[in-house]
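Protein chains in written order, with my numbering: chain A, 84 to 328; chain B, 84 to 328.
Reviewing the structure listed below.
Number of protein chains: 2
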Amino acid sequence: MTYCLAASLNAGLVFASDSRTNAGLDHVNSYRKMHTFFWPGDRILVLLSAGNLATTQAVVAQLDRDAADGEGLRKARHLSEAAAYIGQVSLDMQRRYHAPDAPNPVSMEATFIIGGQIGDAPHGLYLVYPQGNYITCSDEQPFLQIGETKYGKPILDRIIEPGVSLDDAARCALVSIDSTMRSNLSVGPPVDMALYQANSLEQPRIVRYKLNSPYFASIRKQWGEGLRRLFEDLPRFDWEKDKDG
Amino acid sequence: MTYCLAASLNAGLVFASDSRTNAGLDHVNSYRKMHTFFWPGDRILVLLSAGNLATTQAVVAQLDRDAADGEGLRKARHLSEAAAYIGQVSLDMQRRYHAPDAPNPVSMEATFIIGGQIGDAPHGLYLVYPQGNYITCSDEQPFLQIGETKYGKPILDRIIEPGVSLDDAARCALVSIDSTMRSNLSVGPPVDMALYQANSLEQPRIVRYKLNSPYFASIRKQWGEGLRRLFEDLPRFDWEKDKDG
């Protein structure tokens, strides 16, 4: 499994992804799920992937080949065009190996988040479904998630809104991924992050955190201890007060 | 959808459930998902239900009828026997209305948590799957969840262990349900809870909280504000420190 998320803020975009992949329990591995396509001054695009690893790798390879030919992500005039193109490539790759009658049928599905900025157009985010169609985010829901999304959603619901700074959104993404890793073994480090400043058309700030990276470790420790303190400070039930008195 | 959970602690058992049911978006309603079977001095049993509402209501009605005849839950000698019996009743009810060839096939599946204490045997919990089979919890995983389980799992993973008091476990369950309600519209108040003291064989403490019940409201407020403060106090990224300096 996987957990990736991205937030679209007034200040720009934040992308984050874990690195755990597993094809059966005895074949757990670590792969980068964040893929970058940078043409500074013209367009900056970041892709996050979840799902069948062979499909996502085949899609990324095709995206790279097309871009090298000046096609695909290199040429798209709008983010929505890029999303539609990725959906088409994804469908092609899934169909190539789709074998529902195989003795052990395997899902070839993959889901993507593509975000960034193209020229003068505003920055944005799209989620591309395995079916090839796609959605964007909104001011009410300024973040998108793929993979194992539920464990880490509550903190995003509380913190992420369009006015949040890139740094705060990135910190919130780290907390969200930490919560997910603790509750689900199939999501694991290292964590990749990209912070893109709106209208810069420059390379995002890229960071990678392992579990023992000092900053990530300090966030994990402070959050965990703080949650426990917060919990211990919660008001008592009426009957507990009676007992104490 | 639904969210129910139960924890098995050295001190006893805690049960909690939301009350939102929906059969299509235009038919959202509120039903109690906690059902109690008390024979003080002999056996105390609490049932939590998730899934198809017609199935769960039919199962509970059958359990009631059998108990009135001195059968089923009234007679089971072990909690595991009670779990197996509930699984069988559930399967019977699902099969009665199972119609895969209907124009709009509907899932008849239901999932249950049954817990309590029978005579001298230790207290315990079982989760009964739609397939009729069942699992119990363990010291490493002393809680069970059904329905919309993921949003509320991280706080349980951090707090619930066998040594926790009934009151702390109940408070943690409230926080877990609150987080789930905030992230998922299909889980909603009121919240029902039961706290059973180990080896008492007496009726559990039963409480029900609406959103505006003073205690639940104070927990929600203090938790929400505390989380935000905790988040704001997290350490800054290196590059933020440089900016501040």
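Ideal placement from N, C-alpha and C gives every residue a C-beta, glycine not left out.
Note that this is a predicted model, so its numbers are computed, not measured.
Interface residue (Cβ-Cβ distance to chain A less than 8 Å): Q286 of chain B is not classified as such. Of all residues in the stretch 219 to 242 of chain A, only E231, T232, K233, Y234, G235, K236, P237, I238, L239, D240, R241 and I242 place a beta-carbon less than 9 Å from a beta-carbon of chain B.
Neighbours of L268 of chain B across chain A, judged by C-beta separation under 9 Å, do not exist; the nearest C-beta is about 12 Å away. Here R311 of chain B is exposed. Its C-beta has fewer than 16 other C-beta atoms within 10 Å.
With respect to chain B, the C-beta atom of D275 of chain A has no partner C-beta closer than 8 Å. Looking from the CA of Q280 of chain A, the closest CA among A:C87, A:F121 and A:L96 belongs to A:L96. Under a 10 Å Cβ-count criterion, N282 of chain A is classified as exposed, with fewer than 16 other Cβ atoms of the shown protein chains found around its own Cβ. Chain A has a Cβ within less than 8 Å of the Cβ of Q305 of chain B.
Residue-level contact by beta carbon holds for E323 of chain B and chain A, with a gap shorter than 8 Å.
Per DSSP, R291 of chain B is one residue of the beta strand (DSSP E) stretching across R288 to Y292.
For G153 of chain B, DSSP records no beta bridge to any residue. Contacts with chain B at 8 Å (Cβ-Cβ) do not include I127 of chain A. Classified as exposed, H161 of chain A has fewer than 16 neighbouring CB atoms from the shown chains inside 10 Å of its CB.
L317 of chain A belongs to the set of residues whose beta carbon lies under 8 Å from a beta carbon in chain B. Of the residues A:G153, A:R319, A:G124 and A:M276, the one whose Cα lies closest to the Cα of D101 of chain A is A:M276.
A distance below 7 Å between beta-carbons, with the five flanking residues on each side excluded, links Q171 of chain B to the following residues of its chain, in chain order: G215. Under the Cβ criterion of 8 Å, C255 of chain B is counted among the residues facing chain A. Its chain contains F98, I196, G198, L208 and L227 as the residues whose beta carbon lies nearer than 6 Å to that of A89 of chain A, once the 5 sequence neighbours on both sides are disregarded; these appear in chain order. For V143 of chain A, the secondary structure class from DSSP, reduced to helix, strand or coil, is helix. In this structure, the alpha-carbon of A193 of chain B lies about 44 Å from that of S248 of chain A. The CB of L88 of chain A never comes closer than 8 Å to any CB in chain B; the least such distance is about 14 Å.
Take the alpha-carbon of D250 of chain A and the one of C87 of chain B: they are about 36 Å apart. L310 of chain B has no beta-bridge partner at all, per DSSP. Across the stretch 289 to 305 of chain B, CB contacts with chain A closer than 7 Å involve Y298, S301, I302 and Q305, in sequence order along the chain.
Of the other Cβ atoms in all chains shown, 16 or more fall within 10 Å of the Cβ of G230 of chain B; this residue is therefore buried. At a cut-off of 8 Å between C-beta atoms, G309 of chain A counts as an interface residue with respect to chain B. Listed along chain A is no residue with a C-beta nearer than 8 Å to that of L96 of chain B; the closest approach is about 16 Å. Against chain A, the CB of R179 of chain B has no partner CB under 8 Å away; the residue lies outside that interface. Across the structure, P287 of chain B and S190 of chain A are spaced so that their CA atoms are roughly 46 Å apart. The distance from the Cβ of P225 of chain B to that of P245 of chain B is about 5 Å, consistent with a contact at the 8 Å cut-off. Rounded to the nearest angstrom, the gap between the Cα atoms of S163 of chain B and S301 of chain B is 38 Å.
Taking a 10 Å sphere around the C-beta of W306 of chain A, we find 16 or more other C-beta atoms and assign the residue as buried.
DSSP places T85 of chain A in the coil class of the three-state scheme, outside both helix and strand. A straight line joining the alpha-carbon of R157 of chain A with that of A151 of chain A spans about 8 Å. The three-state reading of DSSP puts T194 of chain B in strand, counting E and B together. Looking at the backbone, the Cα of I127 of chain A and that of Q140 of chain B are separated by about 55 Å.
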